[in-house]
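**Student:**
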Amino acid sequence: MTATKHKVQPNKLHVKKGDYVMVISGKDAGKKGKVIEVFPKKGRVVVEKTNIVKRHTKPSQAMPQGGIISKEAPMASSNVMLYCQECNSVTRVSFKLTDNGKVRVCKHCGVNLPDKH
Numbered sequence: 001m002t003a004t005k006h007k008v009q010p011n012k013l014h015v016k017k018g019d020y021v022m023v024i025s026g027k028d029a030g031k032k033g034k035v036i037e038v039f040p041k042k043g044r045v046v047v048e049k050t051n052i053v054k055r056h057t058k059p060s061q062a063m064p065q066g067g068i069i070s071k072e073a074p075m076a077s078s079n080v081m082l083y084c085q086e087c088n089s090v091t092r093v094s095f096k097l098t099d100n101g102k103v104r105v106c107k108h109c110g111v112n113l114p115d116k117h
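Here full-length UniProt numbering is used: the first residue of the sequence shown is 1, the next is one more, and so on.
Right, here's the structure in full:
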């Protein structure tokens with residue numbers, strides 16, 4: 001019997017680096033923060049101040065004492081949802097065609113979501 005890996009999502013994610021999101025499931029449900037890093041091939045995202053893990057590090061030249069470091073770990077992208085700061089609610093992304101091309105839009109209030117981060 002062979003070990004199976006976790007299911008990998010498609011390479012396209014519904015959030016981008018710099019998006020403001022809310023965690024909707026897991027131990028940090030309800031927390032909000034910016035997406036720091038995106039891993040499309042693994043279907044995971046890193047959100048600031050959520051999914052904090054402890055990392056035990058050996059002493060090195062950069063950190064002579066070593067010690068325990070707290071840092072954000074990647075979480076499944078399905079656990080986060082885009083948060084619109086205009087209507088203060090979680091939302092899905094809609095697209096609108098304009099002269100400049102496709103623009104991401106909030107489903108609830110219709111406001112353009114920031115694209116350049």
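We put the CB at the ideal spot given by N, CA and C, even for glycine.
Between the Cα of Glu72 and those of Met81, Ser78, Ile52, His56, spot the shortest distance and give me the residue it belongs to.
**Tutor:** Ile52
**Student:** Do Val38 and Val45 have their beta-carbon atoms positioned less than 7 Å apart in this structure?
**Tutor:** yes
**Student:** Ile68: which of Ser60, Lys54, Met81 sits nearest, CA to CA?
**Tutor:** Lys54
**Student:** If I follow the unbroken beta strand (DSSP E) through Ile68, where does it start and stop?
**Tutor:** 67 to 72
**Student:** DSSP state of Ser89, grouped into three classes?
**Tutor:** strand
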